[in-house]
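Position 92 of the sequence shown, counted from 1, bears residue number 186 in this note's numbering, the numbering being contiguous throughout. C-beta atoms are modelled at their ideal positions from N, C-alpha and C, and glycine is treated no differently. All of these numbers come straight from a predicted model, not from anything done at the bench. Take a look at the structure set out below.
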Amino acid sequence: APHATVSGLDAPPWVAPLLVWLGDVSSQELQEVLKDFGLNDRLAMACRPWQRKERSLRRLVERGSRSVSAVAEQLEGTPLPILSILEARLSQLKTTAPTHLLMTVLSRMQEPRLLSGEDVMRLGIPEGQQVGLLLGRVRRLQLDGIIGSKEEAVAYLCRPNG
């Protein structure tokens with residue numbers, strides 16, 4: 095299996111499962127335990143933000159009131175090991191809703207974008223910040239399942255006062 099990278103450092107593949115197993119230990123304790131397992135200080139230290147990130151994502155998904163796009167925004171760029179920890183922790187809950195939400199978010203994030211910058215400019219919108227903002231808005235609507243095709247995206251952008 096490819097090595098997980100913790101903020102640019104190579105972590106052994108067992109670090110993520112270990113973090114799942116350790117659960118919500120304090121950051122300080124986490125660092126000590128990881129060092130006992132033979133991780134060097136830098137790596138042990140680097141795992142602390144992982145733990146924080148996983149915890150905040152878990153709270154977000156458990157709350158369940160957030161839109162898919164809001165969760166996706168938080169998940170953007172999250173290293174895979176954190177996601178595997180998150181999935182494992184969610185699977186231990188009595189309710190399946192958080193896991194379901196996470197899976198929905200992850201699968202929608204895999205979907206290709208409906209529009210490109212060129213598509214937007216073809217609609218007569220000049221190159222610049224506006225294009226990026228509109229692409230972002232369309233992407234959020236796509237993630238939330240409100241817009242599902244290129245046609246719908248174009249129609250959305252062509253609405254008067256859109």
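Nearest to R146 by alpha carbon, out of G211, Q125, R157, S161?
-> Here residue 146 is taken as the residue at index 52 of the sequence shown, counted from 1. When only C-alpha atoms are compared, the closest one is Q125.
Expressed to the nearest angstrom, what Euclidean distance is found between the alpha-carbon atoms of P111 and L177? Position 17 of the sequence shown, counted from the start, is the residue given in the question as residue 111. Position 83 of the sequence shown, counted from the start, is the residue given in the question as residue 177. If you take the alpha carbons of P111 and L177, they lie about 11 Å apart.
- Query: Is it true that the CB of T193 sits closer than 8 Å to the CB of S312?
  - Reply: The question about residue 312 has no answer here: the residues shown for the chain are numbered 95 through 256.
| On the three-pair Cβ rule with 8 Å, is the stretch 122-141 touching the stretch 156-165? | Under the three-pair Cβ rule at 8 Å, the stretch 122-141 does not count as touching the stretch 156-165.
As a quick exercise: from R149, C252, L228, R207, pick the residue whose alpha carbon is nearest that of G242. For the purposes of this step, residue 242 is identified with residue 148 of the sequence shown, where counting begins at 1. It is R207.
Practice item. Spell out a yes or no on whether the stretch 220-234 and the stretch 136-152 are touching, meaning 3 or more CB-CB pairs, one atom from each, closer than 8 Å. Key: The stretch 220-234 is not in contact with the stretch 136-152.
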